[in-house]
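Remember, the numbering used here sits 969 above the position in the sequence shown when you count from 1.
Every residue, glycine too, gets a C-beta built ideally from N, C-alpha and C.
In what follows, a structure is listed as structure tokens, so that the remarks can point back to it.
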Amino acid sequence: MDFNDTAEEAAYRSQVRSWLTANAPRKSGRVDSGLEDPASMEEAKAWQRKKAEAGYACVTWPKEWGGGGGASWQSVIFGQEEARHETPGNPFQIGLGMCVPTVMTVGNDADKERFVRPAVRGDEIWCQLFSEPSGGSDVAAARTRAVRDGDDWVINGQKVWTSGAHYSDFGLLLARTDPDVPKHKGMTMFWINMKDAAVEVRPIHQMSGASNFNEVYFTDLRIKDSQRVGGVGEGWRVSLVTLMNERLAIGGGAGGGHRTIFKLAQEISTLAGPAAKDAGLREKIADWFVQAEGLKYTRYRTLTALSRGQVPGPESSIGKVVSAALMQDMANTALELEDQFGIISDPDLAPLAASFQTALLAAPGMRIAGGTDEILRNIIAERVLGLPQDVRLDKDVAFKDIPTGR
Ligand SMILES: Cc1cc2nc3c(=O)[nH]c(=O)nc-3n(C[C@H](O)[C@H](O)[C@H](O)COP(=O)(O)OP(=O)(O)OC[C@H]3O[C@@H](n4cnc5c(N)ncnc54)[C@H](O)[C@@H]3O)c2cc1C
């Protein structure tokens, strides 16, 4: 495979580079990973709008819906070039990466007309309301109940770990509509207005100090049947559309931290000399380098599939499984190297602007969000390696008859 740009790709890259140099803003102010500060949110919205006006937001989406009407390779090149700039936070990832593509694939024409354009422009933000206290890995365990009442549905229940619910305008909600059939057959997908008084969002305080995700409660939330996304009882099939987009959106995972750690180790002296001379550390860095290279070429495989118009297969799960554990391992080692300075989390005082402190606190979440390590390993085992399936005892049992432990 030739990894160099073709003439067409090089021309597009140069066009994108010039545009970004002229237009990309720098992230200003303090790092605010929860986007709780209104100024950070405004910066993020302004950048999204600017990209949309130039056709660089949702590069591959049709122009009539506000996208760029471009090819997948153009989207990849834009992403690579944008990553070279320090642009504002991205509260649109869940909406544009998962929820709105689901509405575009399964939703009715009125919903597409109403929602796609404002989401591309960054005027409206979406969240994904799937996980519940009763199960996140097992999405089909959802207990939030939607009961039909004439032309309405009435919703009661609770979601959890909902990223960005506190600033979202709309949510994609998976609810149980028929408990009398097996779990995968009795669910339905809806969109809801997050600002409705019957929706209560309670922030979850994380160890990093931010509150990126929330508990969300529904108490007699009344919505129209026209807010249904897909058929009654087809929620599982619709959720697979969302989850497939989710794995693609967060499956990448970059390498490169090993180079920063090597530099850090060159600057740090131990009793036995420079840390970079330590054989154990050198072996670790070599190991990370090998993993980062493996990730890079696995990502190229995904890009090749995209450039051929194919949908990347379950092998994209490898990217997240490896990169999340890699990030955690590197952050742990970096903080050990930083010694007493490792406990400083203020970016103005800590070495390397506290980037490894932030990485260490985010890494456990990375190993859970969008499929835990164990679930992704199951997928790789069953769907990439063709090993026998996990035992599934609740497959043909009515949802209401599945033991709950209560
Ligand atoms: C940072 C972050 C952001 C998130 N954002 C969202 C969001 O916006 N919207 C949303 O809906 N959800 C979100 N989630 C929730 C996330 O999808 C779930 O946490 C995840 O799917 C795991 O579900 P759970 O927490 O219920 O754990 P469980 O499913 O209860 O799993 C508990 C443990 O059991 C293991 N396990 C479970 N089933 C199996 C199995 N079959 N085989 C082997 N091991 C198994 C798991 O690997 C895990 O170690 C987010 C989570 C995080 C960390």
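Under a three-way DSSP split, which group does residue i fall into?
i, result
"D1189", "strand"
"T1157", "strand"
"V1116", "strand"
"S1314", "coil"
"T1056", "coil"
"G1220", "Per-residue confidence for G1220 stands at a pLDDT of 48, beneath the threshold of 50, marking its modelled position as unreliable; the derived number appears in the next sentence. DSSP places G1220 in coil when its eight states are reduced to three."
"S1041", "helix"
"S1177", "coil"
"F1258", "helix"
"P1243", "strand"
"A980", "helix"
"D1121", "strand"
"S1100", "coil"
"N1077", "coil"
"P1151", "strand"
Ordered along the chain, which non-local residues of its own chain (more than five positions away) have a Cβ less than 7 Å from that of residue i?
i, result
"N992", "K1019"
"D916", "The structure shown does not extend to residue 916, since the chain is modelled only from 970 to 1375, so the question has no answer here."
"F1187", "T1113, I1124, N1125, G1126, A1167, V1168"
"N1347", "D1359"
"F1064", "Looking at the sequence itself, residue 1064 is Gly, so the reference to Phe does not match. So the list reads A1088, I1094, W1095, once near-sequence residues are dropped."
"S1106", "T1341, I1344"
"A1319", "F1310, I1313, Q1326"
If you drop the 5 nearest sequence neighbours on each side, which residues of the same chain put their C-beta closer than 8 Å to that of residue i?
i, result
"A1234", "P1243, A1244, A1245, D1247, L1250, I1254, L1306"
"D1121", "R1191, I1192, K1193, D1194"
"N1214", "G1066, M1067, P1070, T1071"
"D1138", "E1093, I1094, W1095, N1162, M1163, K1164"
Could you check how far apart the C-beta atoms of residue i and residue j are, in whole angstroms? I think they sit under 8 Å.
i, j, result
"G1037", "G1024", "4 Å"
"S1009", "P1057", "7 Å"
"I1173", "L1142", "About 18 Å separates the two Cβ atoms, so there is no contact after all."
"P1060", "Y1136", "6 Å"
"T1211", "Q1062", "Not really, about 13 Å apart at Cβ, beyond 8 Å."
"I1371", "D1363", "5 Å"
Does the distance from the C-beta atom of residue i to that of residue j stay below 7 Å?
i, j, result
"V1072", "G1199", "no"
"V1069", "S1100", "no"
"R1171", "P1283", "no"
"R1336", "A1293", "yes"
"P1148", "K1369", "yes"
"A1328", "M1296", "yes"
"L1275", "S1041", "yes"
"H1153", "A1111", "no"
"F1325", "A1303", "yes"
How big is the Cα-Cα spacing for residue i and residue j?
i, j, result
"Q1175", "R1361", "33 Å"
"D1165", "A1338", "27 Å"
"T1382", "E1169", "Here the chain comprises residues numbered 970 to 1375, so residue 1382 is not present and cannot be evaluated."
"G1355", "I1237", "47 Å"
"T1044", "L989", "Per the sequence shown, the amino acid found at residue 1044 is Ser instead of Thr. If I take the Cα positions, the gap works out to 14 Å."
"V1290", "L1272", "18 Å"
"E1050", "Y981", "11 Å"
"Q984", "G1334", "36 Å"
"S1180", "D1298", "24 Å"
"A1331", "S1177", "7 Å"
"E978", "R986", "12 Å"
Among residues of its own chain, excluding the 5 on either side of residue i, which ones have a beta-carbon nearer than 6 Å to its beta-carbon?
i, result
"R1270", "none"
"A1013", "P1057, G1058, P1060"
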